[in-house]
Amino acid sequence: MDDLKYGTRNKRGDFTPGEKLEGAPVFVWPPRPLKFLRWLPGYFFPWNALFFLLGLGIWNWATPAKETLATLDWRWIAYLWLRNSAIVFVLFGAVELRLYVQRSQGNRFKFNGLFPADKKSDVFMFGSQNVDNMIRTFGTGIPIWTAYEVLMLHLWAIGWGPWTTFAEHPWALVALGLAIPMIHETHFFCIHWLIHRAPLYKWVHSVHHNSVNPSPWSSLSMHPVEHLLYWSDVLIHLVLPSHPLLVLYHLQVTGTGAIVGHIGFDKIEIGDERGMGTHAYAHYLHHKYFEVNYSDGVMPFDRWFGTWHDGSKEGDALMQARFERKRARINASPPTSTQ
């Protein structure tokens with residue numbers, strides 16, 4: 001594919017999509033029903049549909065029986081950890097292999113024209129972004145993901161919580177299932193904004209932002225404290241009537257779904273003239289500019305709080321103006337007394 005039909009490339013080789021980012025037409029006034037209907041398929045396909053199918057498959061064929069889950073035992077806990085590790089290794093590894101190892105489409109559609117493996121950095125363990133990212137992903141990320149899953153499935157098995165069935169409350173569970181990506185993004189915006197405040201940024205979130213040029217293995221490369229906060233959105237199933245299938249779907253949206261913002265390419269080429277959009281640009285801009293796009297645009301919080309960047313020159317100007325106002329406030333603050 002010729003990516004220059006879809007955007008521009010600067011002298012460094014960085015790709016910028018031709019179309020500005022638009023927030024989802026969900027929480028807008030006046031309502032825009034036709035635009036909402038055109039947007040709706042993209043809410044499901046391809047990513048959320050894939051994560052739901054993963055959750056469904058895990059629930060039907062890769063989750064121990066309820067009787068087993070009712071008793072905490074290291075064998076089924078270890079099984080869940082190995083299963084989650086395998087899912088991440090296969091999915092993240094497949095995207096990394098094609099786009100970053102084989103470089104099957106070169107740097108076409110790549111937001112940052114460079115590849116992380118081409119540049120060593122002392123901020124990463126062993127000087128390698130990929131090695132560092134994988135150690136953090138498998139060292140604390142997946143164990144903490146699995147710990148939340150163990151907690152939720154065990155509580156379901158012993159009947160602790162507002163659990164129900166699809167036979168009893170089908171529409172309520174369907175509605176919850178449809179809302180899970182929005183629940184995740186709401187939670188993500190809140191904890192993401194929080195860990196950008198000092199000192200949490202310095203000691204916690206800066207680990208993730210070391211990957212200025214993110215790749216699939218950057219997706220779950222976080223400080224353990226951030227991992228604990230990141231997966232805590234699944235605890236909502238202890239508040240709202242739910243079902244373990246939705247818990248597993250939610251964990252896929254949060255865990256496997258982290259790759260969506262870290263692919264680093266605007267499109268994945270499928271054949272010579274077709275490409276699948278990645279929805280990665282909003283979060284790439286966050287890695288590039290740090291204080292924009294704390295969520296991905298389905299929920300309107302960035303637009304409400306003035307931190308939305310649509311990738312355009314106008315978006316740059318608004319961001320710079322906000323930074324200048326922030327500097328002015330800081331410079332206007334009275335000096336702290338040393339006495």
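The numbering of the sequence shown is full-length UniProt numbering, which starts it at 1 and goes up by one. We put the CB at the ideal spot given by N, CA and C, even for glycine.
Three-state secondary structure assigned by DSSP to residue i
{"i": "residue 343", "result": "Beyond the ends of the chain as shown, which are 1 and 339, falls residue 343; an answer cannot be given."}
{"i": "T16", "result": "strand"}
{"i": "A175", "result": "helix"}
{"i": "Q339", "result": "The predicted model places Q339 with a pLDDT of 49, which falls under 50 and marks its position as unreliable, so this point remains unresolved."}
{"i": "F138", "result": "helix"}
Residue i, buried or exposed, once every other Cβ within 10 Å from all chains shown has been counted against 16
{"i": "W304", "result": "exposed"}
{"i": "G255", "result": "buried"}
{"i": "I158", "result": "exposed"}
{"i": "D132", "result": "buried"}
{"i": "L251", "result": "buried"}
{"i": "R329", "result": "exposed"}
{"i": "Q339", "result": "Confidence at Q339 is low in this model, with a pLDDT of 49, below 50, so its placement is unreliable and the value that follows should be read with caution. Classification for Q339: exposed."}
{"i": "K267", "result": "buried"}
{"i": "G23", "result": "buried"}
{"i": "I259", "result": "buried"}
{"i": "K35", "result": "exposed"}
{"i": "F111", "result": "buried"}
{"i": "G257", "result": "buried"}
{"i": "M276", "result": "exposed"}
Opposing strand residues paired with residue i [DSSP bridges]
{"i": "S242", "result": "W163"}
{"i": "T8", "result": "T16"}
{"i": "M276", "result": "I268"}
{"i": "K202", "result": "Partner(s): none; K202 has no beta bridge."}
{"i": "K110", "result": "F265"}
Neighbourhood of residue i by C-beta, 8 Å cutoff - its chain only, sequence neighbours within 5 removed
{"i": "K326", "result": "none"}
{"i": "F52", "result": "G177, Y249 and Q252"}
{"i": "Y43", "result": "A24, P181 and V298"}
Contacts around residue i, its chain only, beta-carbon distance under 7 Å, and the 5 residues preceding and following it disregarded
{"i": "H169", "result": "P241"}
{"i": "G297", "result": "L21, G23, A24 and A282"}
{"i": "N331", "result": "none"}
{"i": "I142", "result": "W81, N84, S85 and V88"}
Contact set for residue i: own chain, Cβ-Cβ below 6 Å, skip 5 residues either direction
{"i": "L155", "result": "G161"}
Please confirm if the region 69 to 79 is in contact with the region 184 to 203, defined as three or more CB-CB distances below 8 Å between the two stretches.
Contact between the region 69 to 79 and the region 184 to 203 is absent, with fewer than three C-beta pairs closer than 8 Å.
Using a Cβ distance threshold of 8 Å, determine whether the region 277 to 284 contacts the region 126 to 140, with at least three qualifying pairs required.
No, because fewer than three Cβ pairs between the region 277 to 284 and the region 126 to 140 fall closer than 8 Å, the two stretches do not touch.
With a cut-off of 8 Å, do at least 3 Cβ pairs link the region 195 to 204 to the region 159 to 168?
Output reads no: the region 159 to 168 does not touch the region 195 to 204.
Within 8 Å, do at least three Cβ pairs link the region 226 to 235 to the region 96 to 114?
No: the two stretches stay apart, fewer than three of their Cβ pairs being nearer than 8 Å.
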